[in-house]
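Some notes on the structure that comes next.
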Amino acid sequence: MFVDNFTPIYYLMFAPIAAWAAVLAWRWVNTPNLGQQVYDSNVEKGLISDKIPRDEFVRSFANAERPRLGIYQCGAALFALIVLPMIVSAFYGMTQRMNNWGEDNIQLTVRQENLGNILGDFLTILIIMAVNVVLLAAVTFFYYRNRPPTLRSEIRRLEEQYK
Numbered sequence: 120m121f122v123d124n125f126t127p128i129y130y131l132m133f134a135p136i137a138a139w140a141a142v143l144a145w146r147w148v149n150t151p152n153l154g155q156q157v158y159d160s161n162v163e164k165g166l167i168s169d170k171i172p173r174d175e176f177v178r179s180f181a182n183a184e185r186p187r188l189g190i191y192q193c194g195a196a197l198f199a200l201i202v203l204p205m206i207v208s209a210f211y212g213m214t215q216r217m218n219n220w221g222e223d224n225i226q227l228t229v230r231q232e233n234l235g236n237i238l239g240d241f242l243t244i245l246i247i248m249a250v251n252v253v254l255l256a257a258v259t260f261f262y263y264r265n266r267p268p269t270l271r272s273e274i275r276r277l278e279e280q281y282k
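Heads up: the sequence shown begins at 120 in my numbering, then just goes up one per residue.
Right, here's the structure in full:
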């Protein structure tokens, strides 16, 4: 079985994304606990009224403060890590079939070893950057289009509701 030197490095790239996802999941799950502490602290300091029910404040806090953008970005990074090798492979296959820059057109050889195709490598880097920029722009646009309410607006809403 043939395995190149890059394959283990590629699989190791999943580890930071998995760690990032674990941290985001931990923050997502622990947001209601933090909401209870914030409620106690704000009521004690007199920043919010004690007429606001604790469970309603905790639900509003969790709705406002959960790490949605981080989850979207983590998902986009995982998607890019899975899809980009397929895109690059398809690009290299296409260019090899077209044979626009193969053989003797633009090829760098040193000691009879092909060091790579400069134009093909450059275009591959541009494709990778373009895919990442489009993914991050789409995720950011989706987040800001469907943005949750801020904690300040949720507190104002609760104070108006429970005067």
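Backbone N, C-alpha and C define an ideal beta-carbon position, used for all residues, glycine too.
This one's a predicted model, so the numbers in the text were calculated from it and none came from an experiment.
Next item on the list: Could you pull the start and end residues of the alpha helix (DSSP H) that threonine 150 belongs to?
Entry: 133 to 164
Next item on the list: My understanding is that alanine 183 touches leucine 277, with C-beta atoms under 8 Å, so please give their C-beta distance in whole angstroms.
Entry: Not really, about 11 Å apart at Cβ, beyond 8 Å.
Notebook entry, point to check: So which of Val202, Glu163, Val177, Met132 has the shortest CA-CA distance to valine 250?
Noted result: Val202
Margin query: Under DSSP, the alpha helix (DSSP H) around arginine 266 begins and ends at which residues?
Written below: Looking at the DSSP string, arginine 266 is not in any alpha helix (DSSP H), and its letter there is neither H nor E.
Check: Between aspartate 123 and leucine 131, what straight-line distance do the alpha-carbon atoms span, to the nearest angstrom?
Finding: 14 Å
Next item on the list: Measure the C-alpha to C-alpha separation of phenylalanine 241 and glutamate 279 and round it to an integer number of angstroms.
Entry: 58 Å
Check: Does the count of Cβ pairs from the segment 259 to 269 and the segment 146 to 155 closer than 8 Å reach three?
Finding: no
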